[in-house]
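Novice: Below: one structure in structure tokens.
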Amino acid sequence: LIVDDQSFPWRDRDAYGSGLLSAGEDGGWYVILGRNPLLEPVDHRRVLLYRPGELVLVVDRVWAEDEHVVDRRLHFGPELVAERSEDGVVARDDQGEVIATLFDASEVSVEIGLARGVEEPRMDGWTFPSDLTKVPSDAVTLRSKMAGGVLVHGLALRANVPERVTVRAEGR
156 LIVDDQSFPW
166 RDRDAYGSGL
176 LSAGEDGGWY
186 VILGRNPLLE
196 PVDHRRVLLY
206 RPGELVLVVD
216 RVWAEDEHVV
226 DRRLHFGPEL
236 VAERSEDGVV
246 ARDDQGEVIA
256 TLFDASEVSV
266 EIGLARGVEE
276 PRMDGWTFPS
286 DLTKVPSDAV
296 TLRSKMAGGV
306 LVHGLALRAN
316 VPERVTVRAE
326 GR
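Just so you know, my numbering puts 184 at position 29 of the sequence shown, and the rest follows in order with no gaps.
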């Protein structure tokens, strides 16, 4: 999660000062709850729900005093091609077959951006398999402007996007 296009000060912080709050599994689903206290001035919690071979859901609860631009970023491997679709963004393999569909089910409006091998105005859509070696790869940005709310995105294998995703959040 990126807030107002700013990096957070991680280099001078304790490496274990953020992250995992809890984890568990039930009914074939795995769940992880995390946070990043370095994302000032935004309070953020993330729930990652994973059902192997089917679906990954990412639920972000964001709260702030003022409105901010919130970006969620996903990076695909260089051998995949991401393109917009009716449901969001599809990832295709080298044979052109859809292997995954990225969708958004947020309660606020979301702007979807795609980049591959972009140098300006900032570097975007690259992977670095080794030091000083860059390879173009598709990156997707899900951008929202908000003070608080719930952001939900998922990655469904193949084109099996769920009909409905419902999330309820209480409190901050």
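A virtual CB, placed ideally from N, CA and C, is assigned to each residue, including glycine. Source: prediction; values computed, not measured.
#1: Do residue 269 and residue 310 have their CB atoms nearer than 7 Å?
#2: I believe residue 307 touches residue 212 by the beta-carbon criterion, under 8 Å. Please report the beta-carbon distance rounded to the nearest angstrom.
#3: Contact defined as beta carbons within less than 8 Å: I believe residue 295 pairs with residue 267. What is the distance between those atoms, to the nearest angstrom?
#4: Which word fits residue 292, buried or exposed, when buried means at least 16 other C-beta atoms lie within 10 angstroms of its C-beta?
#5: Compare the C-alpha of residue 227 against each of 161, 284 and 312 and name the closest.
#6: On a CA-only basis, which of 210, 199, 200 and 176 is nearest residue 184? Give me that one, please.
#7: Per DSSP, which one or two residues make a beta bridge with residue 206?
#8: Hey, how far is the Cα of residue 312 from the Cα of residue 194?
#9: Residue range of the beta strand (DSSP E) that residue 258 falls in?
#10: Let me know the secondary structure DSSP gives residue 277 once reduced to three states.
#11: Kindly list the residues whose CB is nearer than 6 Å to the CB of residue 260, restricted to its own chain and excluding five residues on each side of it in sequence; keep chain order.
#12: Taking only three categories from DSSP, how would you classify residue 290?
#13: Just tell me which of 203, 192 and 223 has its CA closest to the CA of residue 302.
#14: Note the first and the last residue of the continuous beta strand (DSSP E) segment covering residue 186.
#15: Do you know how far the Cα of residue 205 is from the Cα of residue 214?
#16: Relative to the alpha-carbon of residue 157, which residue among 289, 217, 251 and 232 has its alpha-carbon at the smallest distance?
#17: Here's the rule: buried if 16 or more other CB atoms are within 10 angstroms of the residue's CB, otherwise exposed. What is residue 283?
#18: Sorted by chain position, which residues of the same chain lie with C-beta nearer than 8 Å to residue 290's C-beta, five sequence neighbours on each side aside?
Specialist: Looking at the atomic coordinates:
#1: Residue mapping note: residue 269 aligns to position 114 of the sequence shown, counting from 1. Residue mapping note: residue 310 aligns to position 155 of the sequence shown, counting from 1. Taking a C-beta distance under 7 Å as the contact criterion, residue 269 and residue 310 do not qualify as a contact pair.
#2: Within the sequence shown, residue 307 is the residue found at index 152, counting from 1. Within the sequence shown, residue 212 is the residue found at index 57, counting from 1. Contact between residue 307 and residue 212 holds: CB atoms are separated by about 7 Å, below the 8 Å threshold.
#3: For the purposes of this step, residue 295 is taken as residue 140 along the sequence shown, with counting starting at 1. For the purposes of this step, residue 267 is taken as residue 112 along the sequence shown, with counting starting at 1. About 7 Å separates the two Cβ atoms, so the contact holds.
#4: Within the sequence shown, numbered from 1, the residue matching residue 292 stands at position 137. With 16 or more other CB atoms across the displayed protein chains lying within 10 angstroms of its CB, residue 292 is buried.
#5: Here the question's residue 227 lines up with position 72 in the sequence shown. Selected option, being the one with the closest Cα: 161.
#6: On the sequence shown, position 29 is the one that residue 184 refers to. Closest by alpha carbon: 210.
#7: Within the sequence shown, residue 206 is the residue found at index 51, counting from 1. According to DSSP, which records beta bridges pairwise, residue 206 is partnered with 210.
#8: For the purposes of this step, residue 312 is taken as the residue at position 157 of the sequence shown. For the purposes of this step, residue 194 is taken as the residue at position 39 of the sequence shown. Between the alpha carbons of residue 312 and residue 194 lies a distance of about 30 Å.
#9: Against the sequence shown, residue 258 aligns to sequence position 103. Per DSSP, the continuous beta strand (DSSP E) segment holding residue 258 begins and ends at 253-259.
#10: Sequence index remark: in the sequence shown, residue 277 carries index 122 (1-based). For residue 277, the secondary structure class from DSSP, reduced to helix, strand or coil, is coil.
#11: Position 105 of the sequence shown, counted from the start, is the residue given in the question as residue 260. Excluding positions up to five away in sequence, the list reads 307 and 320.
#12: Position 135 of the sequence shown, counted from the start, is the residue given in the question as residue 290. Reduced to three states, the DSSP call for residue 290 is strand.
#13: Against the sequence shown, residue 302 aligns to sequence position 147. Per the Cα distances, 223.
#14: Taking the first residue of the sequence shown as position 1, residue 186 is located at position 31. For residue 186, the enclosing beta strand (DSSP E) covers residues 184-190.
#15: In the sequence shown, residue 214 corresponds to position 59, counting from 1. In the sequence shown, residue 205 corresponds to position 50, counting from 1. The straight-line gap from Cα to Cα measures roughly 11 Å.
#16: Numbered from 1 along the sequence shown, position 2 holds the residue referred to as residue 157. Here the closest residue by C-alpha is 217.
#17: Position 128 of the sequence shown holds residue 283. So residue 283 ends up on the exposed side.
#18: The count along the sequence shown starts at 1 and reaches residue 290 at position 135. So the qualifying residues of the chain are 233, 281, 282, 283 and 284.
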